[in-house]
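J.: One structure, as structure tokens, below. Some questions next.
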Amino acid sequence: MLNTTMPLPIVVCYTTNFVVPAATTLLSIIESADPNTTYHIISLVEAPLSPSIEQGIKGLDRRGIVSEWTFIYMSGRVPSAYFGSFSIGSLYRILIPELLPEYDTALYLDCDIIVQNDLSKLFSIDLGENLLGGVRETLIGANIDHFKSLELNDPTWYINSGFLLMNLKEMRRVNFSKQMMDLLQTERAKSFVFPDQDAYNILGHGKIISLPPYYNSIRTFYPSIYKDAFLKLYTNDDWKAVHRHGNVHYTSAKPWKGYAIQFDKWWDYYIHLPESLKQQMEVSKKAHKLYNIWKTPIVGQIFQGLLKAKDTLTTLLKKK
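Written as structure tokens, this is what we have:
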């Protein structure tokens, strides 16, 4: 439940070569917050950031939303046996319950998400003895066989782990971090398509609360061709909410590299980063030009109209 005496903990994990996407995500979190919301932003990074980068990140808060910034340096905290098989960020995320003993609940986000909603309401959710709150993925294509291969009692309860409301108190009680690490070292884990995400779903199955899909709007929530699959889990109002104000999760193509669904939302925030942060990563010049065209009143509208027409045509052809 929400504790109004403490700032709300938001956790992100990133490496030094991912500072720009992380900063863009953080800026969107801050700019989308209700003015009465107060966050504690916790960054799990592999090594100390330079003073200029750290100051640049702290400087993103021009609204006074963040009452505290914490940078936790993770070097040496994860056994070397796990490196090579899993991403650094995913390993750091597993340790969140132990890293934040002062909190009973925390919200974790991947750094390829653009937030378009205030996140404070999530902390009012009573998780009870549930471990996690997450957005369920739709059963599409190869996902169907994959979800079933995990032997979940109900494969429609497979969540995307890029946006997790974590019941840290309960996770500590059941020693969830150790369970995760142990599972990822088994022979079974070698068959996981999305290693830590699959592990979260296996160990958390039956103790997960479903969050509205606009909190973690993955790529397959946007094209009309996938709407029928979406409506098997969610409502038409949910579909509209995703398209109007969903937190965009770039689970496939990345907008800083080229065109991606809802790519303009990412650039809307990137262009407002301080130069000291922009210099930390080279973004695609072609993608930047495309964004400028996208924002041009007449040409951009024509371009967007063509993409919508293509989406509609694809859906119609599928139904024939």
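According to our numbering, the sequence shown is numbered sequentially starting from 1. Backbone N, C-alpha and C define an ideal beta-carbon position, used for all residues, glycine too.
Assign Ile-140 to one of two classes, buried (16 or more other C-beta atoms within 10 Å of its C-beta) or exposed (fewer than that).
T.: Here the question's residue 140 lines up with position 140 in the sequence shown. Exposed is the call here.
J.: Is Gly-300 closer than 7 Å to Ser-284 when the C-beta atoms are compared?
T.: In the sequence shown, counting from the first residue as 1, residue 284 sits at position 284. In the sequence shown, counting from the first residue as 1, residue 300 sits at position 300. In this structure, Ser-284 sits away from Gly-300, with a CB-CB distance that is not shorter than 7 Å.
J.: Assign Glu-170 to buried or exposed, taking buried as 16 or more other Cβ atoms, counted over all protein chains shown, within 10 Å of its Cβ.
T.: Along the sequence shown, read from residue 1 onward, the residue named residue 170 stands at position 170. The residue is buried, with at least 16 neighbouring Cβ atoms inside 10 Å.
J.: In angstroms, rounded to a whole number, what distance separates the CA positions of Lys-289 and Asp-264?
T.: One-based indexing of the sequence shown puts residue 289 at position 289. One-based indexing of the sequence shown puts residue 264 at position 264. Approximately 11 Å between the Cα atoms of the pair.
J.: Thinking C-alpha only, which one of Thr-138, Leu-184, Met-166 and Leu-165 is nearest Asp-154?
T.: Residue 154 sits at position 154 when you count from the first residue of the sequence shown. Nearest C-alpha to Asp-154: Thr-138.
J.: Do Ile-261 and Arg-219 come within 7 Å of each other at the CB atom, strictly closer than that value?
T.: For the purposes of this step, residue 219 is taken as residue 219 along the sequence shown, with counting starting at 1. For the purposes of this step, residue 261 is taken as residue 261 along the sequence shown, with counting starting at 1. Going by C-beta atoms, Arg-219 is nearer than 7 Å to Ile-261.
J.: Using a threshold of 7 Å, state whether the C-beta atoms of Asn-130 and Ile-10 are closer than that.
T.: Taking the sequence shown and counting its residues from 1, one reaches residue 130 at position 130. Taking the sequence shown and counting its residues from 1, one reaches residue 10 at position 10. Their beta carbons are not under 7 Å apart, which means Asn-130 does not touch Ile-10 by this criterion.
J.: Tell me where the beta strand (DSSP E) around Thr-220 begins and ends.
T.: Against the sequence shown, residue 220 aligns to sequence position 220. Thr-220 -> no beta strand (DSSP E), and no H or E assigned at all.
J.: By DSSP, does Thr-70 sit in helix, in strand, or in coil?
T.: The residue you call residue 70 lines up with position 70 of the sequence shown. Secondary structure of Thr-70 (DSSP, three-state): strand.
J.: By DSSP, does Met-171 sit in helix, in strand, or in coil?
T.: On the sequence shown, residue 171 is found 171 positions in, with the first residue counted as 1. In this structure, Met-171 counts as helix in the three-state DSSP scheme.
J.: Please say whether Gly-204 and Leu-307 have beta carbons closer to each other than 7 Å?
T.: Taking the first residue of the sequence shown as position 1, residue 307 is located at position 307. Taking the first residue of the sequence shown as position 1, residue 204 is located at position 204. Their beta carbons are not under 7 Å apart, which means Leu-307 does not touch Gly-204 by this criterion.
J.: In this structure, does DSSP put Arg-136 in helix, strand or coil?
T.: Here residue 136 refers to the residue found at position 136 of the sequence shown. The answer is strand: DSSP assigns Arg-136 an E or B state.
J.: In terms of alpha-carbon separation, which member of Leu-26, Asn-216 and Pro-223 lies closest to His-249?
T.: Counted from its first residue, the sequence shown places residue 249 at position 249. Comparing Cα-Cα distances from His-249 to each of Leu-26, Asn-216 and Pro-223, the minimum goes to Asn-216.
J.: Taking the C-alpha atoms as reference points, what is the distance between Leu-273 and Asp-126?
T.: The sequence position of residue 273 within the sequence shown is 273, counting from 1. The sequence position of residue 126 within the sequence shown is 126, counting from 1. Roughly 35 Å between the two C-alpha positions.
J.: Do you know how far the Cα of Trp-266 is from the Cα of Ile-202?
T.: Here residue 202 is taken as the residue at index 202 of the sequence shown, counted from 1. Here residue 266 is taken as the residue at index 266 of the sequence shown, counted from 1. Pairing Ile-202 with Trp-266, the inter-Cα distance amounts to about 32 Å.
J.: Based on the DSSP secondary-structure assignment, which residues constitute the bridge partners of Tyr-108?
T.: Position 108 of the sequence shown holds residue 108. Paired residue(s): Val-11 and Leu-164.
J.: Return yes when the Cβ of Leu-44 is within less than 7 Å of the Cβ of Leu-107, no when it is not.
T.: Here residue 107 refers to the residue found at position 107 of the sequence shown. Here residue 44 refers to the residue found at position 44 of the sequence shown. Contact check for Leu-107 against Leu-44 fails: the beta carbons are separated by 7 Å or more.
J.: Using the Cα positions of Tyr-200 and Asp-61, report the straight-line distance between them to the nearest angstrom.
T.: In the sequence shown, residue 200 corresponds to position 200, counting from 1. In the sequence shown, residue 61 corresponds to position 61, counting from 1. The alpha-carbon atoms of Tyr-200 and Asp-61 are separated by roughly 32 Å.
J.: Suppose contacts are defined by Cβ-Cβ distances below 7 Å. Is Asp-238 in contact with Pro-213 by that definition?
T.: On the sequence shown, position 238 is the one that residue 238 refers to. On the sequence shown, position 213 is the one that residue 213 refers to. Yes.
J.: Just the Cα atoms here: how many angstroms apart are Lys-278 and Leu-231?
T.: On the sequence shown, position 278 is the one that residue 278 refers to. On the sequence shown, position 231 is the one that residue 231 refers to. Their Cα atoms are separated by approximately 39 Å.
J.: At the level of alpha carbons, what is the spacing between Lys-286 and Ile-72?
T.: Position 286 of the sequence shown, counting from 1, holds the residue named residue 286. Position 72 of the sequence shown, counting from 1, holds the residue named residue 72. Spanning the two alpha carbons is a distance of roughly 35 Å.
J.: Under a Cβ-count criterion, where at least 16 other Cβ atoms within 10 Å of its own Cβ denotes burial, should Ser-28 be classed as buried or exposed?
T.: Numbered from its first residue, the sequence shown carries residue 28 at position 28. Flag for Ser-28 reads buried.
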